[in-house]
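J.: Right, I'll just put the structure down here and ask away after.
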Amino acid sequence: MANKDLRDWLAAVDQIGELKTIVGAEPKEEIGGIVDLYQRKMGNAAVLFDEVPGFPKGARVLANILTSVPRINLAVGLPHDATEMDLVQWWRTYMREAPSFEPTEVNGGPLIENVLEGKAVDLTKIPTPVWHEHDGGPFIGTACLVIMKDPDSGWVNSGTYRVQTQGPNLATVMMSPGKHCRIMMQKYHERGQACPVAVVVGNHPAIFMLSGLEIPYGKSELAAAGGIFGEPVEIMKMPRTGLPVPANAEIAFEGFIHPNDVMQEGPLGEWTGYYAGGSRPEPVIRIETMMHRDDPILLGAIPAVPPNDNTFYLGTYRCGAIWNQLEAAGIPEVRGVWTHEAGGSRFWTTVAIKQLYGGHAKQAGMVAAHCHAGAYCNRWTIVVDEDIDPANINDVIWAMSTRLDTRDGLDIIEGGWSSALDPMCYDGDTDRRNGRIIVNACKPFRRKDTFPTVARSSKAMDEKIIAKWKKDLPAS
Ligand SMILES: Cc1cc2nc3c(=O)[nH]c(=O)nc-3n(C[C@H](O)[C@H](O)[C@H](O)COP(=O)(O)O)c2cc1C
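Under this note's numbering, think of the first position of the sequence shown as 2, with each following residue one higher.
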């Protein structure tokens, strides 16, 4: 049986009422403008654009994909109504067990419904939005896979790096230093060789999700995606480069990046909510083959003022990673971790613990703010008691308002690991560190048992009331 594809996920999303189809929006301003409005509130529907002026009916654009917990749940195979902490626990288990299946090669697939080679290649036939008003052009690759093969080991890496359409058979790719495909490209170039590359735009979101997060050096994202599906991803080889791409992808193209072949790229609005990187020369992909399904769907995951599609799903993964690293550092009784979407799922981390000893909360905060998964671009780390749901910002603010002892509950740490994208790092060019604040919003440990009683129903009372009155209660 064929793997689940983007269209299967879309049908499931539609079934839970989280898909909106919009016809007639044009791609230079309107699609991006509409997506921007949809992204401003978590849980708004995913948006599928059809009948894009100037393009055939059926050539669609899909965005605002993973900005709801139910849609991420469906992507990883959980029931859509699993809670935030169920999802975080799912990531913890996935990371611990690291299930993996090597992809299997199949003889073609829906992707080869349309094959364009040489002069027939034309990226501009795909409706590709200019996603924000001040972007440098249309970006075909946001929720994309950029696939390369290591020339030494044969390891195939898939990374999500933005890809800008630069002409019918030209695109640029922006890979930050240290990213796996950039390392591979450098190896080819050091040998004076062109680097083979394939770009896939439109997959089941599980495959995209893994390409956008830090699967370790030497490991294949396509094999790791098989671990989510519980079966190997079916791939086919692109004709010129032999690079593997999912056989049921929507759109794929391949070509070569030649040494010193660069073009001005960007800018693209960033996940921090600002333009930071500007416009720079970046490597050019000279495209030789392009393939797409009938009625292809371009998949977008758009960085913007958070909440945004670039970072929200990553946050759910990061919470699991922080939780695992807290436990590995010996912090007991962690009850939840949530990186708030308004902080781009990096700048704000909340950790819930059941306090066992004086200093426990401070220890948890210090580790969460500086462990590998939590340190990059952090600004706020809040520690709360176990009765606070870290994913409920009202509860978190209530705890910060009523349980913080400013005499020892606030720590400002200077010199943290940050990025030039952080508008408050010390100096983007020379010093990419920042300052951060750790807030102990737990009841003071010594007064924990004599602290005023909370004026809210207990869990047991909730359950009793819900059992009898469910139909008269507000949706939670
Ligand atoms: C939607 C999205 C867009 C991204 N864009 C870029 C980008 O343009 N350049 C980049 O270097 N990393 C980008 N990233 C981060 C990388 O995908 C991430 O670091 C990933 O681990 C890279 O793969 P690699 O570890 O195999 O290099 C993006 C992530 C997401 C989810």
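Even glycine gets a Cβ: it sits at the ideal position worked out from N, Cα and C.
Check whether the Cβ atoms of Phe446 and Gly359 lie closer than 8 Å to each other.
T.: Yes.
J.: Note down, in chain order, each residue of its chain lying with its Cβ closer than 6 Å to the Cβ of Phe254, except the 5 sequence neighbours on either side.
T.: Same-chain partners within the cutoff: Val200, Ile288, Met291.
J.: Using a threshold of 7 Å, is the CB atom of Gly78 nearer than that to any non-hydrogen atom of ligand 1?
T.: No, the beta carbon of Gly78 sits no closer than 7 Å to any heavy atom of ligand 1.
J.: Would you decide whether Gly344 is buried or exposed? Buried here means 16 or more other CB atoms lie within 10 Å of its CB.
T.: Buried is the call here.
J.: Using the DSSP secondary-structure output, state which residues sit across from Met264 in a beta bridge.
T.: In DSSP, Met264 forms a bridge with Glu283.
J.: Nearest to Arg404 by alpha carbon, out of Trp418, Gly416, Asp388?
T.: Of the listed residues, the one whose Cα sits closest to Arg404 is Asp388.
J.: Under 7 Å: does the beta carbon of Arg72 sit that close to some heavy atom of ligand 1?
T.: Outside the cutoff, so no.
J.: By DSSP, does Arg434 sit in helix, in strand, or in coil?
T.: Arg434 falls in the strand class under three-state DSSP.
J.: So does Thr161 have its beta carbon nearer than 7 Å to some heavy atom of ligand 1?
T.: It does: the Cβ of Thr161 is within 7 Å (strictly closer) of some heavy atom of ligand 1.
J.: With a threshold of 7 Å, establish whether the CB of Ala207 neighbours any heavy atom of ligand 1.
T.: The answer is no for Ala207.
J.: Can you tell me whether Tyr314 is buried or exposed? The criterion is at least 16 other CB atoms within 10 Å of its CB, across all chains shown.
T.: Buried, by the Cβ-count rule.
J.: Should the region 32–41 be regarded as contacting the region 88–104, the criterion being three or more beta carbon pairs within less than 8 Å?
T.: At 8 Å Cβ cutoff, the stretches do not touch.
J.: Give the secondary structure of Trp470 by DSSP, where H, G and I count as helix, E and B as strand, and everything else as coil.
T.: It is helical.
J.: Return yes when the C-beta of Gly44 is under 7 Å from any heavy atom of ligand 1, and no when it is not.
T.: No, the Cβ of Gly44 stays beyond 7 Å of every heavy atom of ligand 1.
J.: Just grab the DSSP bridge partners of Arg380 for me.
T.: Beta-bridge pairing links Arg380 to no other residue.
J.: Counting along the chain, where does the beta strand (DSSP E) carrying Pro245 start and finish?
T.: 245–247 is the extent of the beta strand (DSSP E) around Pro245.
J.: What does Phe50 pair with, by DSSP beta-bridge criteria?
T.: DSSP lists Ile23, Val62 as partners of Phe50.
J.: Return the bridge partner residues of Val200 from the DSSP annotation.
T.: Answer is Val147, Phe254, bridged to Val200.
J.: Once you ignore the five residues that flank Lys449 on each side, which residues in its own chain have a CB closer than 7 Å to its CB?
T.: Here the set comprises Gln356.
J.: Go ahead and pull the three-state DSSP assignment for Glu485.
T.: A query on residue 485 cannot be resolved here, the shown segment of the chain reaching from 2 to 477 and no further.
J.: Name the DSSP beta bridge partners of Glu235, please?
T.: DSSP output for Glu235 lists Thr105 as bridge partner(s).
J.: Name the DSSP bridge partner or partners of Gly193?
T.: Gly193 is not bridged to any residue.
J.: By how many angstroms is the C-alpha of Glu114 removed from the C-alpha of Lys58?
T.: Their backbone Cα atoms lie some 17 Å apart in a straight line.
J.: Return the CA-CA distance between Pro247 and Leu67, expressed in angstroms with no decimal places.
T.: One C-alpha to the other measures close to 20 Å.
J.: Along the chain, where does the alpha helix (DSSP H) that runs through Ser458 open and close?
T.: Looking at the DSSP string, Ser458 is not in any alpha helix (DSSP H), and its letter there is neither H nor E.
J.: Cα separation between Arg241 and Gly256?
T.: For Arg241 and Gly256, the distance between alpha carbons rounds to 7 Å.
J.: Which residue marks the beginning of the beta strand (DSSP E) containing Thr340, and which one marks its end?
T.: Where Thr340 is concerned, the enclosing beta strand (DSSP E) stretches over 335–340.
J.: Assign Leu411 to buried or exposed, taking buried as 16 or more other Cβ atoms, counted over all protein chains shown, within 10 Å of its Cβ.
T.: By the 10 Å Cβ count, Leu411 comes out exposed.
J.: Is Asn325 near ligand 1, with its Cβ less than 7 Å from a heavy atom?
T.: False, no ligand heavy atom lies under 7 Å from that Cβ.
J.: Span of the beta strand (DSSP E) holding Val174?
T.: Looking at the DSSP string, the run of the beta strand (DSSP E) that includes Val174 is 171–174.
J.: Taking the beta carbon of Ala12 as the centre, do at least 16 other beta carbons fall within 10 Å, making it buried, or is it exposed?
T.: Ala12 is exposed by the Cβ-count criterion.
J.: So, using beta-carbon positions, are Ile229 and Val77 closer together than 8 Å?
T.: In this structure, Val77 lies closer than 8 Å to Ile229 by Cβ.
J.: Going by C-alpha to C-alpha distance, which of Ala353, His205, Leu146, Ala370 sits closest to Ala3?
T.: Checking every option, the nearest Cα to that of Ala3 belongs to His205.
J.: Which one of Val89, Ala64, Lys188 has the shortest CA to CA distance from Pro152?
T.: It is Lys188 whose Cα lies nearest to the Cα of Pro152.
J.: DSSP state of Ser154, grouped into three classes?
T.: It is coil, neither helix nor strand.
J.: Would you decide whether Arg192 is buried or exposed? Buried here means 16 or more other CB atoms lie within 10 Å of its CB.
T.: Arg192 is exposed by the Cβ-count criterion.
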